[in-house]
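S.K.:
In the working numbering, the protein residues as written are -4 to 315.
The following block contains the structure:
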């Protein structure tokens, strides 16, 4: 015989409503489902027909239809559901259309205002085996690369860099991106470097998670650049998919506080993926043995003016 547990509490009138969403951020034109629960005065579930609710959205950020919020314009506000003078609200942040800039060396970089500066995030071109560098790129074009990198006040070096290459570049501040967790800051920018193995960040150094969360909770800088030695998502990403999703969730929570977040990761291609407003850049870190492969070498260049930040991917050896 089965044993059932039943509430002996009497049924009462509606007492309270709770309203939540799985995500606080949404892009213009996109939607998020709203989750509403109602309880009576004895804390029993109270059934409400969703069509009987009155919905309102502050600042006309969007509309609610059948329990789904559809975003119309960017901003931060609240969604409110009301029923018989009882209401509940949940915050929402509507992000503008993502604008992606991909420029080569023929394009002009954003102008640096007085007090502004550049940041370069890069690897050293990795020449395969015994291939001579001079057979792939001329000395003058190598000089052009090192001179371009040297225009950046802050250089973030993703992998091991030979002294012969490093000595050709001059930055006022250098970040070693290959260490197990590290942070630095300059003006409105805060940088975090992480290391991961095939599983994820935790197995490469478990304390990195604690340090990452603490840093994101306390940082006051508006712009955050995170470097990591391998992709987070995709076929080459973390085998621990839950850890990858947790990483994204932590960044979204920081973004909801008004932060602009950029993740630069080493991989086998030059890609840019936007996940809920978080930009994931991939730098092609493969070995080079031909001029064609060299043309795919790129680095990320940021221009910082006050709290404003813009970016471009630079292809110094482009054959296009």
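For each residue, glycine too, the CB sits at the ideal point set by N, CA and C. Note that the coordinates shown come from a computational prediction; the quantities given were computed from them, not determined experimentally.
Report the partner residues of residue 257 according to the DSSP bridge assignment.
M.R.: According to DSSP, which records beta bridges pairwise, residue 257 is partnered with 220, 274.
S.K.: Whole-angstrom Cβ separation of residue 153 and residue 181, contact assumed at under 8 Å?
M.R.: Not confirmed; about 17 Å, so no contact.
S.K.: Could you say which of 69, 215, 224, 242 lies nearest to residue 189 if we only look at CA atoms?
M.R.: Here the closest residue by C-alpha is 224.
S.K.: Please go through the same chain and pick out, in chain order, the residues whose beta-carbon is closer than 8 Å to the beta-carbon of residue 168, but skip the five residues on each side of it.
M.R.: 148, 149, 150, 179, 181.
S.K.: Looking only at C-alpha atoms, which of 49, 65, 55, 63 sits nearest to residue 81?
M.R.: Ranking the options by Cα distance to residue 81, first place goes to 49.
S.K.: What residues are listed by DSSP as bridge partners for residue 57?
M.R.: Paired residues: 66.
S.K.: How would you write the range of the beta strand (DSSP E) that residue 15 sits in, first residue to last?
M.R.: Taken as a continuous stretch (DSSP letters only), the beta strand (DSSP E) holding residue 15 covers 9 to 16.
S.K.: Among 107, 191, 73, whose alpha-carbon lies nearest the alpha-carbon of residue 51?
M.R.: Nearest option by C-alpha distance: 73.
S.K.: Judging by CA-CA distance, which residue of 117, 160, 275, 108 is the nearest neighbour of residue 170?
M.R.: For residue 170, the nearest C-alpha among the options comes from 117.
S.K.: I need the boundaries of the beta strand (DSSP E) containing residue 196, first residue and last residue.
M.R.: Here residue 196 belongs to no beta strand (DSSP E), and DSSP marks it neither H nor E.
S.K.: So is the beta-carbon of residue 211 under 7 Å away from any non-hydrogen atom of the ligand NAP?
M.R.: Of the ligands one can find in the structure shown there are none, so the ligand NAP has no counterpart to examine.
S.K.: Using the beta-carbon count (16 or more within 10 Å), is residue 297 buried or exposed?
M.R.: Looking at its Cβ environment, which holds 16 or more other Cβ atoms inside 10 Å, residue 297 is buried.
S.K.: Using the C-alpha atoms, what's the distance from residue 138 back to residue 160?
M.R.: Using only the alpha carbons, I get a separation of about 10 Å.
S.K.: One question on the structure: do residue 279 and residue 300 come within less than 8 Å of each other, judged by their Cβ atoms?
M.R.: Not in contact: residue 279 and residue 300 (Cβ atoms no closer than 8 Å).
S.K.: Going by other Cβ atoms of all chains shown within 10 Å of its Cβ, with 16 needed for buried, is residue 219 buried or exposed?
M.R.: With 16 or more Cβ atoms within 10 Å of its Cβ, residue 219 is classed as buried.
S.K.: Kindly indicate which residue of 226, 250, 62 has the alpha-carbon position closest to the one of residue 208.
M.R.: Nearest option by C-alpha distance: 250.
S.K.: In terms of residue numbering, what span does the beta strand (DSSP E) encompassing residue 285 cover?
M.R.: It is not in any beta strand (DSSP E) - residue 285 carries neither H nor E in the DSSP assignment.
S.K.: Please report the distance separating the alpha-carbon of residue 120 from that of residue 267.
M.R.: About 20 Å.
S.K.: May I ask which residues mark the beginning and end of the beta strand (DSSP E) holding residue 178?
M.R.: Its beta strand (DSSP E) spans residues 177 to 181.
S.K.: What does the Cβ neighbour count give for residue 237, buried or exposed, with the cut at 16 atoms within 10 Å?
M.R.: Flag for residue 237 reads exposed.
S.K.: My guess is that residue 20 and residue 177 are in contact by the Cβ rule of under 8 Å, so how many angstroms apart are they, rounded?
M.R.: In fact, because the Cβ distance is near 28 Å, the residues do not count as touching under 8 Å.
S.K.: Go ahead and label residue 12 buried or exposed: buried means 16 or more other beta carbons lie within 10 angstroms of its beta carbon, across all protein chains shown.
M.R.: Label assigned to residue 12: buried.
S.K.: Please identify the residue among 17, 24, 23, 25 whose C-alpha is closest to the C-alpha of residue 31.
M.R.: Looking at the Cα atoms, 17 is the closest of the given residues.
S.K.: Give a yes or no on whether the C-beta atoms belonging to residue 257 and residue 306 are separated by under 8 Å.
M.R.: Yes, these two residues count as a Cβ contact at 8 Å.
S.K.: Check whether the Cβ atoms of residue 85 and residue 14 lie closer than 8 Å to each other.
M.R.: The answer is yes: Cβ separation under 8 Å.
S.K.: Roughly how far, in whole angstroms, is the beta-carbon of residue 233 from the beta-carbon of residue 191, given that I think they are within contact range, below 8 Å?
M.R.: The pair is a contact, with the Cβ atoms about 7 Å apart (cut-off 8 Å).
S.K.: Exposed or buried, which one is residue 134 when buried takes at least 16 other CB atoms within 10 Å?
M.R.: Exposed.
S.K.: Beta carbon of residue 221, beta carbon of residue 187: below 8 Å?
M.R.: Contact: yes.
S.K.: Cβ atoms of residue 276 and residue 295: under 8 Å apart, would you say?
M.R.: Result yes, Cβ atoms of residue 295 and residue 276 sit closer than 8 Å.
S.K.: For the beta strand (DSSP E) containing residue 152, list its first residue and its last residue.
M.R.: Segment 149 to 152, the beta strand (DSSP E) holding residue 152.
S.K.: For residue 28, which three-state DSSP category applies?
M.R.: Here residue 28 sits in strand by DSSP.
S.K.: Please classify residue 127 as buried or exposed, where buried requires at least 16 other C-beta atoms within 10 Å of its C-beta.
M.R.: Residue confidence is low: residue 127 scores 49 on pLDDT, short of 50, so the model does not pin down where it sits. Its coordinate-derived value is still stated next. It is exposed - the Cβ of residue 127 has fewer than 16 other Cβ atoms within 10 Å.
S.K.: Which partner residues of residue 115 appear in the DSSP bridge assignment?
M.R.: In DSSP, residue 115 forms a bridge with 150, 296.
S.K.: Tell me the DSSP bridge mates of residue 191?
M.R.: Residue 191 is not bridged to any residue.
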